[in-house]
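Residue numbers (full-length UniProt numbering): 1 to 127. Note that beta-carbon positions come from the ideal geometry of N, C-alpha and C, so glycine has one too. Working notes, beginning with the structure itself.
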Amino acid sequence: MQIRKYNKITDEAKLMQMICDEEGWDYADKSMAEKYKAALESSVTYVACEGGTLCGYSRSLNDCGFYIYVCDLLVKPAFRGKEIGKKLVECLQADYPGQTVYVMSDVDAYYQKVEYPRIGSIFEVPA
């Protein structure tokens, strides 16, 4: 398995299809797709590939050298259980030494399973 930086030309269509195939992820919807494609390019985005198959990705924000915030982390169902998500996060730690990495999640059970400590909460400010 190889983890590398996202490449719009080789990865965009495969990544968007992976998101489309995942229930509950609406980034591939027409109303959000173009905005999300731009976010993939402007974020710290890594892809995990195995045998030519894009099997996972992470999209994170760099907070001016203070922290890294993982916004999206997804692994295809057929590849889950192989620590690909954990390896994607470890890639961030290696590329941004000294910066704390935080994961924003709505799938807390996964992060508890890999023994990431829960620090605080995220709240949505109403419009």
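Distance check for residue j and residue i, CA to CA, integer angstroms please.
| i | j | result |
| --- | --- | --- |
| L74 | D108 | 13 Å |
| Y67 | V103 | 11 Å |
| V47 | I3 | 6 Å |
| V70 | D11 | 19 Å |
| V89 | A13 | 23 Å |
| S31 | G51 | 32 Å |
| Q93 | T100 | 8 Å |
| C49 | K82 | 12 Å |
| D72 | R59 | 5 Å |
| Y111 | K86 | 9 Å |
| E34 | E41 | 11 Å |
| E23 | Y96 | 31 Å |
| S121 | A127 | 19 Å |
If you count every other CB in all the chains shown that lies within 10 Å of the CB of residue i, and 16 or more means buried, which is it?
| i | result |
| --- | --- |
| T45 | buried |
| R118 | exposed |
| C64 | exposed |
| I84 | buried |
| S43 | buried |
| G98 | exposed |
| G56 | buried |
Once the 5 residues before and after residue i are set aside, which same chain residues still bring their CB inside 6 Å of it?
| i | result |
| --- | --- |
| I19 | W25, Y27 and A28 |
Would you identify the three-state DSSP class for residue i, choosing helix, strand or coil?
| i | result |
| --- | --- |
| I3 | strand |
| Y36 | helix |
| E50 | strand |
Who are the near neighbours of residue i in its chain, counting only those whose CB is closer than 7 Å to its CB and skipping five residues on each side?
| i | result |
| --- | --- |
| Y116 | V103 |
Note down, one range per segment and in chain order, each alpha helix (DSSP H) of at least 4 residues found wholly within the region 57–103.
84–95
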